[in-house]
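Colleague: A single structure is presented below for examination.
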Amino acid sequence: MFLALRDLRFARGRFALIGAVVGMIAVLGVILSGLASGLADSGISGLRALPVTHLAFDRSATGELFSRSTVTTDTAARWAEQPGVRKAEPLGQQLVHAQLGVPGGKQLDLAVLGVRPGGFLAPAPLSGAPLAGSTPNGVLVSEDILKEGVKVGDRLIAGQAGTELTVTGTIGHASFGHVGIVYAPLPLWQQLHYGLPGPLPDAAAHQATAVALQLAPGTAIAAADRDLGTQTVDKAGTYGASPGYTAESSTMTLIRGFLYAISALVVGSFFTVWTIQRRQEIALLKAIGASTRYILRDALTQAAAVLLAATAAGTAVGLALGGAMNGSAPFSLQADQVTLAALLLIVLGLAGAAVAVRRITKVQALSALGANR
Amino acid sequence: MTHPASAHSAAGTAAEAAVLRLTGVTLHLGRDPQQVIALDAVDLAVAPGELVAVTGPSGSGKSSLLAVAGGLQHPTAGTVHVAGTDLTTLREHQRTAHRRRHIGYVFQHANLFASLTAREQLLLTAHTAGRLDAATRRRADELLEAVGMSARAHHRPDRLSGGERQRVGIARALVLAPEVLLVDEPTSALDRARAREVVDLLAEQTRAHRTATVMVTHDHEILDAADRVLTLRDGRLS
């Protein structure tokens, strides 16, 4: 570190440049990390909050299971009888368009989850009253809907049939496919799902999207799936069925992958040029008796110092910018994700530097002598 | 000054207590048909406190002699003993470690590190050997004093003259108290007055620190500072 630190000070202009590049990559890393977490949160936070271990969908549904699957309340009842099943209830999911029930009211998109009032899926409200069979049109709206200007007591006109919903209570942040969640009693959800005014046909009155399950660990589900005509997916497995979730996740992963690959290349390129410029100095070090290990350690320490300082500064700037973005975009800063982003940048940058400074091993001490200079 | 004619007898005397001894050293560079014989059966022994000047025309093998003597280059044949160890039997990392402990190099144009002050040039050498302790710092300060560079100890090379740089180079080579000092064209970039100062300093330090010093030079006006003068021509030392 003796020479490395003094070189850093001496060539501070050059190191400031590469430090600025690494710092900006760190800023981008934090922003992308926040966007990835925010998008994921906005896509699946409602699913993540469900108190279930698995969801059983219609076996014939493929791809976007939430919009293509239809099961019956009878299927849910039969699932409840299976060994290892602790709880089983029907769950409805429907994206609907709504309008605040006043003249010229605001247009809204709602992700309506239909559950049994008093059942294990029905959330406890943060304010107002819980779902109840006695208020068949009463719904709980998430914080995301409240941000649109909706409040307890408001009426919402939803779906093509103009079904009326009354906001009786609120829950915390919960969304599905970037749309705020509304919890409704299952019959009300069935009405919205059916989409036509008037009394529900008998078949529609027993529909749900999936069976929400709480299974004991190690429960065998294959036989039940076969018997009941369902396909059971664990909770994390259902995230991919959220609209756009898989495409968004893979896009963000790809962008971050490219970012880290670019950072390793940029750092590697800088230290390649730096090492080439230092060839004479390295030969001199070897001639005065410095071991190759000493010189490599010195060079890598220098790279680590640049990466650490620049990443710390960039991450701090990224956190400040991210803090300013909160609320204006699907953005969520999570300590583990930010730490991982910073560590990746440092580790991959060091890998790039390590490849670059390997050239040190090839420099001949002989080059320090007169005729070879 | 000992003239070339008496070089063999002086070398013979030195051989008994020599701390640097080259025996039958041959160095071939390149491959046939362009192969060059840089050193041809060179014998050389240098005793502690002795300054040997090696002169010769360009391309005569002077730098090759220093490279082989310091273990920077492996000879094609012959042995190179430094402080009792034959460098030709050592692997590269062992030669580097041996060089660190027993050999100091003074380079043409001083070859200082641009980012380090004069004092730090000496401390770096100690640091590479894991000996950056209070005693070494004291020795560094004493050496800078001895070469007249105390007042410029905290200046970087770009603020030193050519002669001052070479003084720092000499102090740096001596900081770990090597038994052997190998000096490569120390006055090639200096005017007459500065060249005289530097070579007198080398002679003085050689005697003061009892180093076996080999100085290659093509500057005939400084040869009088040497105890022996040898001539290298077509790889042969005489």
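As you go down the protein sequences, you meet chains A and B in turn.
Counting in numbering that gives the first Met the number 0, the first sequence runs from 0 upward without gaps.
Counting in numbering that gives the first Met the number 0, the second sequence runs from 0 upward without gaps.
Ideal placement from N, C-alpha and C gives every residue a C-beta, glycine not left out.
For V181(A), does the three-state DSSP call read helix, strand or coil?
Modeller: It is a strand residue.
Colleague: Distance check for M251(A) and D233(A), CA to CA, integer angstroms please.
Modeller: Their Cα atoms are separated by approximately 23 Å.
Colleague: In whole angstroms, what separates the C-alpha of T135(B) from that of A17(B)?
Modeller: Using only the alpha carbons, I get a separation of about 26 Å.
Colleague: Against chain A, with Cβ distances strictly below 8 Å, would A139(B) count as a contact?
Modeller: No, A139(B) does not count as interfacial toward chain A.
Colleague: When you compare the CB of T186(B) with every CB in chain A, is at least one pair closer than 8 Å?
Modeller: No, T186(B) does not count as interfacial toward chain A.
Colleague: Report the residue ranges of all alpha helix (DSSP H) runs contained in full by the stretch 188-234 of chain A; include only those spanning at least 4 residues, in chain order.
Modeller: As far as the stretch 188-234 of chain A is concerned, its whole alpha helix (DSSP H) runs of at least 4 residues are 221-227.
Colleague: How is H153(B) classed by DSSP in three states: helix, strand or coil?
Modeller: In the structure shown, H153(B) sits in coil (DSSP, three-state: anything other than H, G, I, E or B).
Colleague: Which residues in chain A have a C-beta closer than 7 Å to the C-beta of T95(B)? List them in chain order.
Modeller: Those within 7 Å of T95(B) in chain A are K285, G288 and S290.
Colleague: Check this for me: beta carbons of A60(A) and S68(A), under 8 Å apart or not?
Modeller: Cβ atoms of A60(A) and S68(A): closer than 8 Å.
Colleague: For A9(B), count neighbouring Cβ atoms within 10 angstroms of its own Cβ and tell me buried if that reaches 16, exposed if not.
Modeller: With a pLDDT of 43 at A9(B), under the threshold of 50, the modelled position of this residue cannot be trusted; read the value that follows with caution. So A9(B) ends up on the buried side.
Colleague: Output needed for V26(A): all residues of its chain with C-beta closer than 6 Å, excluding positions within five of it in sequence on either side, in chain order.
Modeller: Closer than 6 Å at the Cβ level, and outside the excluded window around V26(A), lie G313, V316 and G317.
Colleague: Take E142(A) and list the residues in its own chain whose beta-carbon comes closer than 6 Å to its own, dropping the five residues that flank it on each side.
Modeller: Correct list, in chain order: G171 and H172.
Colleague: For Q107(B), is the classification buried or exposed, using 16 other Cβ atoms within 10 angstroms of its Cβ as the cut-off for buried?
Modeller: Buried.
Colleague: Do you know offhand how far T22(B)'s Cα is from A202(B)'s?
Modeller: Rounded to whole angstroms, T22(B) to A202(B) spans 25 Å at the Cα level.
Colleague: DSSP puts M214(B) in a beta bridge; with which residues?
Modeller: A52(B) and V182(B), per the DSSP bridge assignment.
Colleague: Report the residue from A194(B), A117(B), S62(B) and T205(B) whose alpha carbon sits nearest the alpha carbon of A150(B).
Modeller: When each option's Cα is compared against that of A150(B), the closest is A117(B).
Colleague: Using the C-alpha atoms, what's the distance from D40(A) back to I378(A)?
Modeller: In the structure as shown, chain A starts at 0 and stops at 372, and residue 378(A) therefore has no counterpart that could be examined.
Colleague: Just checking my contact of I294(A) with L284(A) at CB under 8 Å: how many whole Å lie between their CB atoms?
Modeller: Between L284(A) and I294(A) the Cβ distance is about 5 Å, and since that is below 8 Å, they are a contact.
Colleague: Is the shortest distance between the beta-carbon of A370(A) and the beta-carbons of chain B less than 8 Å?
Modeller: Below a pLDDT of 50, predicted positions are generally treated as unreliable, and A370(A), at 45, falls in that range; the measurement from the model is reported next regardless. So yes, A370(A) belongs to the interface.
Colleague: Okay, do the stretch 1-10 of chain A and the stretch 294-310 of chain A touch, 3+ Cβ pairs below 8 Å being the bar?
Modeller: The stretch 1-10 of chain A, when compared against the stretch 294-310 of chain A, does touch it at the 8 Å Cβ threshold.
Colleague: Taking its Cβ as the centre, do 16 or more other Cβ atoms sit within 10 Å of N110(B), making it buried, or is it exposed?
Modeller: N110(B) is buried by the Cβ-count criterion.
Colleague: If the cut is a Cβ gap below 8 Å, which residues of chain B does A35(A) touch?
Modeller: What A35(A) touches in chain B: nothing, since even the nearest Cβ is about 41 Å away.
Colleague: Using a Cβ distance threshold of 8 Å, determine whether the stretch 216-224 of chain B contacts the stretch 180-195 of chain B, with at least three qualifying pairs required.
Modeller: Touching, per the Cβ criterion.
Colleague: Mark T338(A) as exposed unless 16 or more other C-beta atoms lie within 10 angstroms of its C-beta, in which case mark it buried.
Modeller: Exposed, by the Cβ-count rule.
Colleague: Spatial neighbours of A113(B) within its chain, please: C-beta separation below 8 Å, excluding the five flanking residues on both sides.
Modeller: Once the five neighbours on either side are set aside, the close Cβ partners of A113(B) are R155, P156 and D157.
Colleague: Taking Cβ positions only, does Y293(A) come closer than 8 Å to chain B?
Modeller: Judged by the 8 Å Cβ criterion, Y293(A) is in contact with chain B.
Colleague: Measure the alpha-carbon distance for V166(A) versus T52(A) and round it to whole angstroms.
Modeller: Each residue's alpha carbon lies about 29 Å from the other.
Colleague: What are the boundary residues of the alpha helix (DSSP H) that includes A87(A)?
Modeller: Unbroken run through A87(A) is the beta strand (DSSP E), V84 to L99; no alpha helix (DSSP H).
Colleague: In chain A, which residues lie less than 7 Å from T124(B) when you measure between Cβ atoms?
Modeller: Those within 7 Å of T124(B) in chain A are I287.
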